[in-house]
Structure formats: C-alpha cells, structure tokens
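K.L.:
Residue numbers (numbering that gives the first Met the number 0), protein chains in the order written: chain A, 0 to 165; chain B, 0 to 165; chain C, 0 to 399. Even glycine gets a Cβ: it sits at the ideal position worked out from N, Cα and C.
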Amino acid sequence: MGLLEKQDNPFESSNIVITGADTLLNWARLSSMWMMGFGLACCAIEMMAASASHYDIGRFGVIPRPSPRQSDVIIISGTVTLKMATRTKILYEQMPDPKYVISMGSCSNCGGPYWEHGYHVLKGVDRVIPVDVYVPGCPPRPEALLEGLIKVQEKVRKQSLAKTVV
Amino acid sequence: MTNTEIYDKLKSAFGEKIGEWHEQTGTEYMKRMSSYADVADSGYIRDVCLYLRDEPELGFDSLLLLSSLDNGDKTLSVTYHLESREKKQFIALKVTVPENNAVVPSVTDVWSHANWHEREAWDMMGIKFLGHPDMRRILLDEDWIGHPLRKEYKHPDFYRGMKVPY
Amino acid sequence: MAEVLDRKMQTLPVPVKVVPAEKIEPNRLRTEEMVLNVGPQHPSTHGVLRLEAVLDGELVIDVVPFLGYLHRCFEKHSEAMTYPQVIPYVDRMDYLAPMNGELGYALAVERMMNIELPEKVEYIRVLFNELQRIASHLVAVGTFGMDAGAFTPFLYCFRDREDVLEIFEKTCGARLLYNYIWVGGLSHDLHPDVLGMCRAFVKKSRATHKEVNELLTFNKIFVERAANIGVLPADVAINGGASGPMLRGSGVKWDLRRNDPYSIYDRFEFDIPVGTGMMGTLGDCFDRHWVRMCEWEQSLNIIEQILEKFPQNDKTDVQKAVPKRIKPAAGEIYSRVETARGELGYYIVSKDDIKPWRVKVRSPAFVNLSLLPIISRGYLMADLIVILGSVDIVLGEVDR
C-alpha cells in the first residue's frame, strides 16, 4: 500500500512505504507552497485576513515570503496598473521554476470595475504573465482564496516529472 | 468674518486683479464653503494667497484643496479652497487660464503641500506652475503622453507593448 | 554620527534632540551616498509605494516617494458614471475605511440637493462609521506592530476585525467593499441581530484594547522603536496640511466631528485625544500610535451611546429620502468628513446633468504622505519603516 492510501498511521505495521516518485514529490511540493503575497489593493486586505488566524492559510503549509526568489506561488491580489505591470513581469521572471500564479479578484482577472474608462489599468494580469488559477470576486472572500489555492494544489498533484511526447 | 466680507477686503486690497464673486446658491453649506472669487489676473494668485495667509485678521493657515478643472470651453481653472482654523473662516479662489497657455504661479512656498497638488494638476490637466521646485508627473509615468483629465482625452491603444483597451 | 549612537544608548524618557542632516559630521573614512530603492513590492510599504532613500551608511539623508502604481483613474470614471454609480468606486479608494468615504460622498451630494434624512438613517450611518473607524485602526495598529517586528498584535487585531466585518456582512452582504451608504439613504435596512452583535463586540473590543496596550503600546521594545522617531512639529503639520492622527499626534486638537460637525455627531459626547509626548518628543511615532489607540476607545464610547439612543421601533424605510433622479443644480461644493486617516474632502462640480462634471478628492493619505520626506531625515533606515507605518497610508487613496 502506498503512503497516501493508508489513512491511519502508515508506519504502524511496517516502516517501509512504497509510492511513486511523482506522487511523493508532488505531495511534498503542494504541502508547502510558499507564497509571495503581492498585495496591491483591496484584495490584499482579504489576503491578509486569509493569513490571519480566522481563516489561516498557514495550515496549508503556505508561508508568506517577502522575496520572489524564495517563493513558489505568487498571488496577484489587486488592480495591476500599467505602471506596475512592468514590475510584475520582472517579479514573475525572478521566481524560480516551478512557479504558479493565482490571480485574485476581478481586477487582476479582467480589469474589474475599471474595464471601461481605466486608461491606466491593465485589463487582466494575464496580458503580461501566464495565470494558473483565477479567483473571482471583488474582493473574493478568504475562503474563495483558499479554494483557489486548493485548485493550484490539485494542479500540482497531477504534474509529472516525465516529459510527455505527443 | 463671512466670506463676502473677506471678498470685499480682497477687492479693496487688490483692485481689479480680483474678479467677480460667485456665490453658490442652493444650500447654506454650499454658500459658506464653496462660493468663490475669481482671480482675474492669474499672475497675482501667489500674492493673493500670501496676503490671505499673513494678514492678521484673515490668517488662512491651511490650504484645504488645490484642484484643476476643465471648463469645457477651451479654458482650464485652478481652484483653491482655504480655511482659517482659529477664526473659522472659509474662502475659495478660482483662476482661469486658456488651454493652450495654461501657466499659473505656484503657491508651494505659501503652503508646503501645494507641491504635490500642483504636480498632480500638471499630470492630469496639463497646467504648468511657475516657480515650482519639481515640476514632473506624479501619478503617471514620465513617458506618458497626454493629460488624462481633459475632456477631449483619448485613451491610448498601446503603452509599452501592452494593450490598453478591454 | 557619534551623537546618533549616543541617542540609542541613552535610556528613556529623556527627550533627545534629533540631529538634522546638515549637522551630521562625516566620519574620517570617505563615504559616498547610496540610493536604496524600497518597493514597489516590499512587505512593509503597505501597498505599492516606491521610496528612494538616499542613505549615508544607515542614516537617511533624503526620501523621495514615487506614487502612481495604483492609479486607477477614479476621477475619469466619476465623470462617466451617474451620481449613484460613483459610490462603488469611492469604496475602492480608501479600502480600509469605505463607509467613511461613502458617507463623505453621499453627504456632499445631499448637501448640494438639500436632502433631509430620516433619524434612523443618520443613526445607522454614524454607527457604521464608528465601527469602520475601529476596523481601520485595528489594521493600522496591527501592521504598525508588524513593521516594528511584533507579529502577535496583528493576529489579535484581525481577530477583532472579523467581528466587525461579520456585522457588515449581515447588513449588506459584503465583507470589505459595501456600496451601502447611498445618496439619500442606505441600501439595506438593519438586520434584527445587528444591534445585539454590536453590544457583544463593544464588550469584547474593550478587552482587546487593554490586551493590545499591554502587549504592544507599553512594551519597552516597541517604545524604544517608536519614541523620538519621526517628530512632526505642529506648525509644519498645519502648513503641510496634515490631518487626522498625524495632526493630533503633534498636539493640535482638531477633529472635524467636533470642529465642523456633520450628520448627528453633535449629539454624542466623546474626547479628542491628542499626543502629549509622553514617551519621548511631542509628535513622534509613538504619539500617533497613542492617538489611534485612544480613538479606538472613544469610538467604542460613541457606539455605546448610539446603542442607548437608537430609535428601536422606528419602521421608516431607509430609502424613503432617496431621490428618484439625482440631478443637482449647477454649482460646486467642497464637503468634508473625518475618516480614520484624516480629512477627506470631495470637490464636486455639477453642470445640471445626471453625471458629475468633475469629482476631485482631497485624500488625507496623499497629503500626509507628502510630509514623509520632512519627518524622516536624520534617522536610521529601520526607523524609516516605522515612520512610514505611523503615517498610515492606504495606496488606493493616495493614487486614486
């Protein structure tokens, strides 16, 4: 039986577990995704509330890191303006692989309430960096952000070391 | 002193450099806070402000707001709302300049936070302030073209390679 | 340099004179000034603010703030939307205290149109404004502690904030950006549970206030980090247009709820706390923090008075006075309220249309931030972060 299939104490009967390399690595990676909290605007407050004790993103293994070079996932929370977009791209490129992007809130999904007359608002952060998960809301509840994080974790769970040849 | 009395005092001190008194009809609050005096000669606005600040009877020690306005008929205006805290007096001044030659003396040395308000007026409306120590854009990037709050402003299509409209 | 080192080694509460940048003697080694770029992505800049700090070693010679990283074109939007449609955009400017901002805008338009409001609406507005002030100060105090290195008060403050957000959510459905205070009324009536929740919150919050005071405010490490730092003299503050806790921390007793009352604030008794220089110099970071802590307590007092005087069995519709068509006559108005950060003013120009011709916002954080270069010269780099935390900026409001 593999490590992840045994629900109760896996080391009770024996101290050997057998699992796939992919599963093990992916399990390790998704349980400790360190985030770079890129708090731009109002969604940043909900991200801070998600990091506080009531919703506690820390129980998912997520630690907020100040530097992009030490983080796995970047949560773009808030409106990305044109002035900030160039800096966002630089920050994304500074993150080491494998990296994931969660776009939180409708401003970074698609421009949000500023889509029509915002001459300085970038209509969606996916115009400069590739996004993995979009979390809708204005601002999304902290539980919605946790759901977005779980979706990224599911994506990580399905990844594989082997290259697929089509 | 009520603001009409202050206007009379200004008129007696400065003569025809002060234009008409525009009383806001409507509510008592509007009459008290937003009735304004036109300063007909825009070159004298700094002297008027110094007089208002330094006269012992007037003592306008705080500038509440310095805002720019596009009148729609090819003229731009700068409005100054002033308050004297101890004497509970209010007055507003307005200077109107033509759009193609929008130059107004700066009042940065009268109230120090006018510095940033004037930089914003330059950024958004294109009004240049003479004698300002640091006349450059404050909210938009230096390579932005145009002054967005003018009525005939058109949104740019591309900025540094990013598509701006939705 | 030697004087600055001496300052750190002296024990409190001896008031120490700060060495201005011109009088700092260069040491014998030849040094150069270094330009350090702080932000726009930085854990302590409270948003996207870029500071260029010119340093001589660790000493700050000059700080130049760069704004505009969150410029979301509020003023252009307000020219394209009708008067009621502007309110959600107003929310998103000061996103830590949106009720205060909405009240300012609604009050400005109501003053232009001379709208009389029912009693119940006024009471609910003031109740939610004071709750919002507490919620905003909780974030300010929590993040200020985090800037100085204390993580636990942040968690305590956010725990209390969840209660306030739950009250707001029960009433209007949103946790953070409400669109609740409309021109002439409110969007929803009070939920029947809300007054009981407010009473429970007041009791709990007084205990948290005492806890945070013991944990943070009178903590020797925090006092050492915050006292005698970032001194703002009163005359510089008035000339520089400071307002809110920044101005009151320098000893100037000026609060718009008392000096230019609006809504029904003249019916309630509350003190206006000012800084007294009790731990260091008058107008330092500790004073501003102290003013915020005292304002938290005063807001709790106001909420208790509201709960006593609230018209319980009043069944008026909260949207009774909302006009069918909001079209003020041609004219201008400058109207202001006291938010958690200071004086928020709206300059609205109307040309007899359903859309405003111009809405200009005098945001307190923008003006307070312009004083940052003046108050941070001659201190260390680590002190600069504490000073920025004490100014309590919200970038949505600074950049609009």
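From the beta carbon of C/Glu161, is the nearest beta carbon of chain A less than 8 Å away?
P.N.:
Position 162 of the third sequence, counted from the start, is the residue given in the question as residue 161 of chain C. Chain A, which has a Cβ nearer than 8 Å to the Cβ of C/Glu161, makes this yes.
K.L.:
Please report how far the alpha carbon of C/Leu137 lies from the alpha carbon of C/Phe157, in whole angstroms.
P.N.:
As a working note, residue 137 of chain C is residue 138 in the third sequence. As a working note, residue 157 of chain C is residue 158 in the third sequence. Spanning the two alpha carbons is a distance of roughly 7 Å.
K.L.:
Just checking A/His119 against the ligand FAD - is the residue's beta carbon closer than 7 Å to any of the ligand's heavy atoms?
P.N.:
Absent from the structure shown: the ligand FAD. Ligands present: none.
K.L.:
Please decide whether C/Leu215 counts as near chain A, where near means a Cβ-Cβ distance under 8 Å.
P.N.:
Against the third sequence, residue 215 of chain C aligns to sequence position 216. No, C/Leu215 lies away from the interface with chain A (no Cβ there is under 8 Å from its Cβ).
K.L.:
Compute the Euclidean distance between the alpha carbons of C/Pro363 and C/Gly344, then round it to the nearest angstrom.
P.N.:
Reading the third sequence from its first residue, position 364 is the one you call residue 363 of chain C. Reading the third sequence from its first residue, position 345 is the one you call residue 344 of chain C. Roughly 8 Å between the two C-alpha positions.
K.L.:
Contact between the stretch 130-146 of chain C and the stretch 350-357 of chain C: three or more CB pairs below 8 Å?
P.N.:
No: fewer than three Cβ pairs fall under 8 Å.
K.L.:
Return the CA-CA distance between A/Ile89 and A/Cys109, expressed in angstroms with no decimal places.
P.N.:
For the purposes of this step, residue 89 of chain A is taken as residue 90 along the first sequence, with counting starting at 1. For the purposes of this step, residue 109 of chain A is taken as residue 110 along the first sequence, with counting starting at 1. Answer to the nearest angstrom: the Cα atoms are 20 Å apart.
K.L.:
Give a yes or no on whether the minimum CB-CB distance between B/Leu139 and chain A is below 8 Å.
P.N.:
By 1-based counting over the second sequence, the position of residue 139 of chain B is 140. Yes, its Cβ sits closer than 8 Å to a Cβ of chain A.
K.L.:
Chain E partners of C/His70, CB-CB under 8 Å?
P.N.:
Chain labels in this structure do not include chain E; the protein chains are A, B and C.
K.L.:
Using C-beta distances below 6 Å, list every residue in its chain close to C/Leu11, excluding the 5 sequence neighbours before and after it, in chain order.
P.N.:
Here residue 11 of chain C refers to the residue found at position 12 of the third sequence. Low local confidence applies: a pLDDT of 45 at C/Leu11 is under 50, so the model's placement there is unreliable, and no value is given.
K.L.:
Classify C/Leu4: buried if its beta carbon has 16 or more other beta carbons within 10 angstroms, exposed otherwise.
P.N.:
In the third sequence, residue 4 of chain C corresponds to position 5, counting from 1. No answer about C/Leu4 holds up, because its pLDDT of 49 lies below 50 and its placement is not dependable.
K.L.:
Compare the C-alpha of A/Ile44 against each of C/Glu213, C/Arg174, C/Met196 and C/Asp55 and name the closest.
P.N.:
Taking the first residue of the first sequence as 1, we reach residue 44 of chain A at position 45. When only C-alpha atoms are compared, the closest one is C/Arg174.
K.L.:
Measuring only between beta-carbons, confirm whether B/His112 sits less than 8 Å from chain C.
P.N.:
Within the second sequence, the letter at position 113 stands for residue 112 of chain B. Yes - at least one Cβ of chain C is within 8 Å of the one on B/His112.
K.L.:
Within the same chain, show all residues whose beta-carbon is closer than 7 Å to that of A/Pro63, passing over the 5 residues directly before and after it, in chain order.
P.N.:
On the first sequence, residue 63 of chain A is found 64 positions in, with the first residue counted as 1. So the qualifying residues of the chain are Met34, Gly36 and Ser50.
K.L.:
For the stretch 122-152 of chain A, which residues have a CB atom closer than 8 Å to at least one CB atom of chain B, in sequence order?
P.N.:
Correct list: Lys122, Arg126 and Val127.
K.L.:
Determine the DSSP secondary structure at C/Thr10, reduced to helix, strand or coil.
P.N.:
As a working note, residue 10 of chain C is residue 11 in the third sequence. Low confidence applies to C/Thr10: its pLDDT is 46, below 50, so where it sits in the model is not reliable enough to give any reading.
K.L.:
Applying a beta-carbon distance threshold of less than 7 Å, which residues of chain B neighbour C/Ala139?
P.N.:
Reading the third sequence from its first residue, position 140 is the one you call residue 139 of chain C. Under the 7 Å cutoff, chain B gives no residues; its nearest Cβ is about 21 Å from C/Ala139.
K.L.:
State the start and end residues of the unbroken alpha helix (DSSP H) segment that holds B/Asp7.
P.N.:
Position 8 of the second sequence, counted from the start, is the residue given in the question as residue 7 of chain B. Counting along the chain, the alpha helix (DSSP H) containing B/Asp7 begins and ends at Asn2 to Phe13.
K.L.:
Please look up how many angstroms separate the CB atoms of B/Leu57 and B/Ser83, rounded, as I've assumed it's under 8 Å.
P.N.:
Within the second sequence, the letter at position 58 stands for residue 57 of chain B. Within the second sequence, the letter at position 84 stands for residue 83 of chain B. Going by Cβ atoms, the distance from B/Leu57 to B/Ser83 rounds to 6 Å, so yes, they are a contact pair.
K.L.:
Rounded to a whole number of angstroms, what is the C-alpha to C-alpha distance between C/Pro260 and C/Glu213?
P.N.:
By 1-based counting over the third sequence, the position of residue 260 of chain C is 261. By 1-based counting over the third sequence, the position of residue 213 of chain C is 214. Roughly 34 Å between the two C-alpha positions.
K.L.:
For B/Gly125 and B/Arg159, which I take to be in contact (beta-carbon distance under 8 Å), what is that distance rounded to the nearest angstrom?
P.N.:
Position 126 of the second sequence holds residue 125 of chain B. Position 160 of the second sequence holds residue 159 of chain B. About 21 Å separates the two Cβ atoms, so there is no contact after all.
K.L.:
A/Ser13 by DSSP, collapsed to three states: which one?
P.N.:
Along the first sequence, one-based indexing puts residue 13 of chain A at 14. Three-state result, A/Ser13: coil.
K.L.:
Of all the options B/Gly18, B/Pro164 and B/Tyr152, which has the alpha carbon lying nearest to the alpha carbon of B/Lys73?
P.N.:
Residue numbering aside, residue 73 of chain B sits at position 74 when the second sequence is read from its first letter. Here the closest residue by C-alpha is B/Tyr152.
K.L.:
So with CB distances below 8 Å, who are the chain A contacts of C/Arg158?
P.N.:
The count along the third sequence starts at 1 and reaches residue 158 of chain C at position 159. Result: Ala51, Ser52 and His53.
K.L.:
Can you tell me which of C/Cys293, C/Val59 and C/Leu281 puts its alpha carbon nearest to the alpha carbon of C/Ile133?
P.N.:
Working through the third sequence from its first residue, we reach residue 133 of chain C at position 134. Residue C/Cys293 is the option with its Cα nearest to C/Ile133.
K.L.:
Using 8 Å as the cut-off, can you tell me whether the stretch 108-127 of chain A makes contact with the stretch 59-76 of chain C, which would need three or more C-beta pairs spanning the two stretches below that distance?
P.N.:
Contact holds: three or more Cβ-Cβ distances are below 8 Å.
K.L.:
Could you tell me the alpha carbon to alpha carbon distance between B/Glu85 and C/Phe65, rounded to whole angstroms?
P.N.:
In the second sequence, the residue the question calls residue 85 of chain B occupies position 86. In the third sequence, the residue the question calls residue 65 of chain C occupies position 66. The straight-line gap from Cα to Cα measures roughly 34 Å.
K.L.:
With 8 Å as the threshold, decide whether the Cβ of C/Ser204 is near any Cβ in chain A.
P.N.:
Here residue 204 of chain C refers to the residue found at position 205 of the third sequence. No, C/Ser204 does not count as interfacial toward chain A.
K.L.:
Find the residues of chain A that neighbour B/Arg84, judging by a C-beta separation of less than 7 Å, and give them in chain order.
P.N.:
Here the question's residue 84 of chain B lines up with position 85 in the second sequence. In chain order: nothing, as chain A lies at least about 33 Å away.
K.L.:
Do A/Asp125 and A/Ser102 have their CB atoms nearer than 8 Å?
P.N.:
Counting from one through the first sequence, the residue named residue 125 of chain A turns up at place 126. Counting from one through the first sequence, the residue named residue 102 of chain A turns up at place 103. Contact flag set, yes.
K.L.:
Exposed or buried, what is A/Ala161 when buried is set at 16 or more other beta-carbons lying within 10 Å of its beta-carbon?
P.N.:
One-based indexing of the first sequence puts residue 161 of chain A at position 162. With fewer than 16 other Cβ atoms within 10 Å, it is exposed.
K.L.:
With 16 other CB atoms within 10 Å as the buried threshold, where does C/Val34 fall?
P.N.:
To locate residue 34 of chain C, count along the third sequence from 1; it is residue 35. Classification for C/Val34: exposed.
K.L.:
Smallest Cα separation from C/Arg361: which of B/Trp143, B/Leu81 and B/Thr26?
P.N.:
Within the third sequence, residue 361 of chain C is the residue found at index 362, counting from 1. For C/Arg361, the nearest C-alpha among the options comes from B/Leu81.
K.L.:
Can you check whether the C-beta of B/His154 is within less than 8 Å of a C-beta belonging to chain A?
P.N.:
Walking along the second sequence from the start, residue 154 of chain B turns up at place 155. With 8 Å as the cut-off, B/His154 counts as an interface residue toward chain A.
K.L.:
Out of C/Arg287, C/Ala329, C/Asn312 and C/Leu176, state which residue places its alpha-carbon closest to the alpha-carbon of A/Pro139.
P.N.:
Position 140 of the first sequence, counted from the start, is the residue given in the question as residue 139 of chain A. Ranking the options by Cα distance to A/Pro139, first place goes to C/Leu176.
K.L.:
Nearest chain C C-beta to B/Gln23 closer than 8 Å, yes or no?
P.N.:
Within the second sequence, residue 23 of chain B is the residue found at index 24, counting from 1. Answer yes: the Cβ-Cβ gap between B/Gln23 and chain C drops below 8 Å somewhere.
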